[in-house]
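See below for the structure under consideration.
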Amino acid sequence: MRIGVFVCHCGSNIAGTVDCAKVAEIAKNFPDVVYADDPMYTCAEPGQAAIEAAIHEHKLDGVVVASCSPRMHEATFRRTVERAGLNRYMFEMANIREHVSWIGKEQQANTNKSAELVEIAVAKLRNNRPLAAKTFDVTKKTLIVGGGVAGIQAALDCAEGGIPVILVERESTIGGKMAKLDKTFPTVDCSACILGPKMVDVAQHPGITLYACAEIEEVSGYVGNFSVKIRKRATYIDWEKCTGCGACSEKCPSKKTPDVFNEFTGTTTAINIPFPQAIPKKAVINAQYCRQFTKGKCGVCAKVCPAGAIDYAMQDSFVTEEVGCIIAATGYELMDWTIYQEYGGGRYPDVITSLQYERLLSASGPTGGHIVRPSDGREPQTIVFIQCVGSRDNSIGRPYCSGFCCMYTAKQAILTKDHLPQSRSYVFYMDIRTPGKMYDEFSRRAVEEYGVEYIRGRVSAVYPDGLGRYVVMGADTLLGEPVEIRADMVVLAVGIEAAKNAPALAEKLRISYDKYGFFMESHVKLKPVETNTAGVFLAGVCQGAKDIPASVAQGSAAAAKALALFARDKLENDPQTAQVDARRCVGCGKCIRCCPFGAITETEIRNEKKAQVIETVCQGCGLCTSTCPQGAVQLSHATDNQILAEVNALCR
Amino acid sequence: MKNATDMSQRHDSGFTVEVGAQSGQKLSACYQCGNCTAGCPASFVYDRQVNQIMRGVQLGMKDEVLDSRAIWLCLSCSTCSLRCPNNIDVAAVMETLRHMARKENRVAVGNVEKFWFSFLNTVRAFGRSWEIGTMALYMMRSLRLFTDLDLAPEALKKQKLGFKPHVVAQGGASSVTRIFKRYKERAEREGVRP
Numbered sequence: 001m002r003i004g005v006f007v008c009h010c011g012s013n014i015a016g017t018v019d020c021a022k023v024a025e026i027a028k029n030f031p032d033v034v035y036a037d038d039p040m041y042t043c044a045e046p047g048q049a050a051i052e053a054a055i056h057e058h059k060l061d062g063v064v065v066a067s068c069s070p071r072m073h074e075a076t077f078r079r080t081v082e083r084a085g086l087n088r089y090m091f092e093m094a095n096i097r098e099h100v101s102w103i104g105k106e107q108q109a110n111t112n113k114s115a116e117l118v119e120i121a122v123a124k125l126r127n128n129r130p131l132a133a134k135t136f137d138v139t140k141k142t143l144i145v146g147g148g149v150a151g152i153q154a155a156l157d158c159a160e161g162g163i164p165v166i167l168v169e170r171e172s173t174i175g176g177k178m179a180k181l182d183k184t185f186p187t188v189d190c191s192a193c194i195l196g197p198k199m200v201d202v203a204q205h206p207g208i209t210l211y212a213c214a215e216i217e218e219v220s221g222y223v224g225n226f227s228v229k230i231r232k233r234a235t236y237i238d239w240e241k242c243t244g245c246g247a248c249s250e251k252c253p254s255k256k257t258p259d260v261f262n263e264f265t266g267t268t269t270a271i272n273i274p275f276p277q278a279i280p281k282k283a284v285i286n287a288q289y290c291r292q293f294t295k296g297k298c299g300v301c302a303k304v305c306p307a308g309a310i311d312y313a314m315q316d317s318f319v320t321e322e323v324g325c326i327i328a329a330t331g332y333e334l335m336d337w338t339i340y341q342e343y344g345g346g347r348y349p350d351v352i353t354s355l356q357y358e359r360l361l362s363a364s365g366p367t368g369g370h371i372v373r374p375s376d377g378r379e380p381q382t383i384v385f386i387q388c389v390g391s392r393d394n395s396i397g398r399p400y401c402s403g404f405c406c407m408y409t410a411k412q413a414i415l416t417k418d419h420l421p422q423s424r425s426y427v428f429y430m431d432i433r434t435p436g437k438m439y440d441e442f443s444r445r446a447v448e449e450y451g452v453e454y455i456r457g458r459v460s461a462v463y464p465d466g467l468g469r470y471v472v473m474g475a476d477t478l479l480g481e482p483v484e485i486r487a488d489m490v491v492l493a494v495g496i497e498a499a500k501n502a503p504a505l506a507e508k509l510r511i512s513y514d515k516y517g518f519f520m521e522s523h524v525k526l527k528p529v530e531t532n533t534a535g536v537f538l539a540g541v542c543q544g545a546k547d548i549p550a551s552v553a554q555g556s557a558a559a560a561k562a563l564a565l566f567a568r569d570k571l572e573n574d575p576q577t578a579q580v581d582a583r584r585c586v587g588c589g590k591c592i593r594c595c596p597f598g599a600i601t602e603t604e605i606r607n608e609k610k611a612q613v614i615e616t617v618c619q620g621c622g623l624c625t626s627t628c629p630q631g632a633v634q635l636s637h638a639t640d641n642q643i644l645a646e647v648n649a650l651c652r
Numbered sequence: 001m002k003n004a005t006d007m008s009q010r011h012d013s014g015f016t017v018e019v020g021a022q023s024g025q026k027l028s029a030c031y032q033c034g035n036c037t038a039g040c041p042a043s044f045v046y047d048r049q050v051n052q053i054m055r056g057v058q059l060g061m062k063d064e065v066l067d068s069r070a071i072w073l074c075l076s077c078s079t080c081s082l083r084c085p086n087n088i089d090v091a092a093v094m095e096t097l098r099h100m101a102r103k104e105n106r107v108a109v110g111n112v113e114k115f116w117f118s119f120l121n122t123v124r125a126f127g128r129s130w131e132i133g134t135m136a137l138y139m140m141r142s143l144r145l146f147t148d149l150d151l152a153p154e155a156l157k158k159q160k161l162g163f164k165p166h167v168v169a170q171g172g173a174s175s176v177t178r179i180f181k182r183y184k185e186r187a188e189r190e191g192v193r194p
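Note that the protein sequences, when read in sequence, are chains A and B. For reference, each letter of the first sequence is one residue, going 1 to 652 in the numbering used here. For reference, each letter of the second sequence is one residue, going 1 to 194 in the numbering used here.
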């Protein structure tokens, strides 16, 4: 074998603490190494050209590059050697930047370690074999989990691009949190008016199949060929027949049902359609409050339904969809702010969340858009907004900023002045974070044009004054004094958390999530939409706090990734897969049981049971390799022989 | 008007490190939200608010912090520590500052220290506190002869003030006295004001 070694300086990144020329010199003594060099930037165009030239000139049939992490440039150099006519797996990388120069300062030790890492790579390369990818068919269909604005945008973009979409929504209607908002910043246009048409487009687009009241039960398969089992929760109404006329909820006697859509600011009927623009506009029965279910008799809705759609015996049903990629857009929830006893811990009716305030502001809300106190229905004169409730609070394990509260608080204060011109609004804030287009101008308008009093400081206590109002005690740290406000109403800008079942979904999708339950992107800066599982993309707040424009942008970005994936008719697998040596296999089936991807099946060779790997399904995790008691399963490109050669090189 | 504070001259990073080490708190975690000030029940008499004290410590402004009246008017109720979003025990920082100020003989509100001594004297003598004795000693030390005298009739009526001290029985009082003695000896050894 003829091996070439390239020890990269990476500018001063590596050369600063590693004698690269010496490493190259040492490498010349390793077996089969016929050429060694130490280029300044190996990944740059001249560096890659030099590798190609060396392959031709010295008739190399294997290349080692000692530089950065393979996560950074392995793909780059594989393409380089491929251009020069070598198989891409006849290349090895030694990481002497992240594993050496960035972590140690001593030049002599670093140089020695680098030489050893190169020796290991050479030993591995001597045992490498050319590998070839297999191609497989792609199911050109996208499944989107979550029908908020991010999921809606991704669905519409995919469908417009000609890719059929399955949209799965947990609630009975799509629209997500945005459907609950009254107006949106910084333009103060009506949320329902700009989201409504998009929701209708989803309903009417022939390429989109919508499952509402549905959740993901199981996911199997791999990029290009996922199989997703969806649980359709019982709604007790045959949606094929339901016309959304609303006759049922008019006559429903259970009128004390908590109104989830209105954030519990009012009550609704046990059978209802959450809001007039709901998509799908179908009724759902809340079995916890329906008299037919709780008392065993009622049946009013079944009598009045002109379509005969009511079905009290309905059970959850399942449907399985085959898709090529999955976009997670599961959004967020507000954190449980009642842990804050200083704000009353939920005991005071007029201390409400910002999302509840949105429902009070909204014309389709429980008060028809009139701001009134939940306790007595009076118009409030003094309203205090408290920001950062459950955001940036390490003591409750939420050190992150929820991102959009500064802006919606400014918006709500402005709208309050529009609704109640005589009212006074106060905002307690820590910092104002408004880094968006027209954002800071907007929050300044709240102060300069609408006379909102911004108080730099925190609130320490909210308690009733016994006369129907609330005392808000706090501090103005700019003034350096304690302050006190008598308020009629207190609105808490409650911070966000990941959707309740986000970690469970992440585990089904085999993607990572952070300790707060937000899904992890593949790279914070350069792969913000991809995950570490090929074919699973992210959109919206499920990945981290963001506002509507950013969610929409990420929805479109995820759709672009899906469309790019489906631009090819066939996908190539990674040939680093498990291989079964049929002569050694005893057919015990342990590998079949341990494979997380269902990539190993049973076959018969001359009447003997044997394991067989489906190469396009195998993800090369290596579990079977370490499970097999016979050593019959070997992972290509990480075989026992290759690993032992590396160990030998180091320990000799 | 006061000249601008020259931050480059003022910064005494040794002071910041010292306060951090003695109090065991990570002072750089404070991001000045003001929760401590908002919750402080004594803030209305402070010359510098709690968050300003914390800022002063962060900036190493030793004189401003140790000479402040606020650290002496602190009630040690620990509401600041409870409310801190960054888990800083602010009350421990205030306590540390009082210790440092006493070591350097710069007690900004002497009457507070005199009250402590008056209280501790009765504990040393009887093993537990004696309110009227504390009052009398404090009045003599501080020369505030009529302070809070208006509260006395009401307190007497409710039997909150006993004319005779409660002495801890079975040698308890003298055991407590010995603790005080040991402390005094140690203070003298280490050159700290007892």
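No residue lacks a Cβ here, since even glycine has one placed at the ideal position from N, Cα and C. Nothing here was measured: the structure is a model prediction, and the numbers come from that model.
C-beta neighbour in chain E for residue i, strict 8 Å
i, result
"serine 23 (chain B)", "Although the question refers to chain E, the structure presented lacks it and instead comprises the protein chains A and B."
Residue i to residue j span [Cα, whole Å]
i, j, result
"tyrosine 429 (chain A)", "cysteine 33 (chain B)", "8 Å"
"arginine 189 (chain B)", "glycine 14 (chain B)", "25 Å"
"cysteine 36 (chain B)", "cysteine 301 (chain A)", "56 Å"
"alanine 24 (chain A)", "threonine 17 (chain A)", "15 Å"
"alanine 212 (chain A)", "proline 280 (chain A)", "7 Å"
"glycine 11 (chain A)", "alanine 121 (chain A)", "22 Å"
"histidine 56 (chain A)", "valine 63 (chain A)", "12 Å"
"arginine 444 (chain A)", "alanine 413 (chain A)", "12 Å"
"aspartate 259 (chain A)", "tyrosine 289 (chain A)", "11 Å"
"tryptophan 239 (chain A)", "phenylalanine 318 (chain A)", "15 Å"
"alanine 247 (chain A)", "histidine 370 (chain A)", "26 Å"
"threonine 177 (chain B)", "alanine 38 (chain B)", "40 Å"
"serine 395 (chain A)", "glutamine 341 (chain A)", "14 Å"
"glutamine 25 (chain B)", "valine 45 (chain B)", "25 Å"
"aspartate 89 (chain B)", "arginine 55 (chain B)", "15 Å"
"leucine 149 (chain B)", "glutamine 159 (chain B)", "15 Å"
Cut-off 6 Å between Cβ atoms - residues of its own chain near residue i, not counting five sequence neighbours on either side
i, result
"arginine 424 (chain A)", "Thr382"
"glutamine 22 (chain B)", "Thr96"
"aspartate 536 (chain A)", "Per the sequence shown, residue 536 (chain A) should be read as valine rather than aspartate. Closer than 6 Å at Cβ, skipping near neighbours: Ile326, Leu509, Ile511."
"threonine 235 (chain A)", "Cys213, Val284"
"isoleucine 26 (chain A)", "Ala115"
"alanine 557 (chain A)", "Val529"
"cysteine 401 (chain A)", "Ser391, Arg392"
Cβ-Cβ distance between residue i and residue j below 8 Å
i, j, result
"aspartate 336 (chain A)", "proline 374 (chain A)", "no"
"isoleucine 230 (chain A)", "valine 165 (chain A)", "no"
"alanine 493 (chain A)", "glutamine 387 (chain A)", "yes"
"proline 70 (chain A)", "methionine 40 (chain A)", "no"
"threonine 80 (chain A)", "isoleucine 51 (chain A)", "yes"
"lysine 251 (chain A)", "threonine 267 (chain A)", "no"
"leucine 27 (chain B)", "valine 57 (chain B)", "yes"
Beta-carbon separation (whole angstroms), residue i vs residue j, contact threshold 8 Å
i, j, result
"leucine 415 (chain A)", "leucine 478 (chain A)", "Not quite, the Cβ-Cβ distance comes to about 26 Å (not below 8 Å), so this is no contact."
"aspartate 502 (chain A)", "phenylalanine 519 (chain A)", "In the sequence as presented, aspartate is not what sits at residue 502 (chain A); that position holds alanine. Contact flag correct, Cβ pair sits at about 7 Å."
"phenylalanine 385 (chain A)", "phenylalanine 185 (chain A)", "Going by Cβ atoms, the distance from phenylalanine 385 (chain A) to phenylalanine 185 (chain A) rounds to 14 Å, so no, they are not a contact pair."
Beta-carbon contacts of residue i that lie in its chain and below 7 Å, excluding the five residues immediately before and after
i, result
"valine 447 (chain A)", "Tyr454"
"alanine 562 (chain A)", "Thr142, Cys158, Ile163, Cys325, Ile327, Phe537"
"tyrosine 357 (chain A)", "Gln412, Val491"
"glycine 104 (chain A)", "Thr17, Asn110"
Residues near residue i in its chain [Cβ-Cβ closer than 8 Å; skip 5 each side]
i, result
"valine 138 (chain A)", "Gly224, Asn225, Gly324, Leu565, Phe566, Arg568, Asp569, Lys570, Leu571"
"lysine 500 (chain A)", "Glu333"
Contact test: residue i Cβ vs the ligand FMN heavy atom, cutoff 7 Å
i, result
"lysine 157 (chain B)", "Looking for the ligand FMN in the displayed structure turns up nothing, as the structure carries no ligands at all."
Which runs of the beta strand (DSSP E) fall wholly inside the stretch 79–126 of chain A and span at least 3 residues, in chain order? Runs found: 91–95.
Enumerate, from N- to C-terminal direction, the unbroken alpha helix (DSSP H) stretches of 4 or more residues contained entirely within the stretch 288–314 of chain A. Complete alpha helix (DSSP H) runs here, min 4: 291–294, 300–304.
With a floor of 3 residues, list each beta strand (DSSP E) that falls wholly inside the stretch 352–424 of chain A, ordered by position along the chain. Fully contained in the stretch 352–424 of chain A are the following beta strand (DSSP E) runs of length 3 or more, in chain order: 382–389.
What runs of the alpha helix (DSSP H), each 4 residues or longer, lie entirely inside the stretch 525–594 of chain A? The stretch 525–594 of chain A contains these whole alpha helix (DSSP H) runs: 548–566, 590–594.
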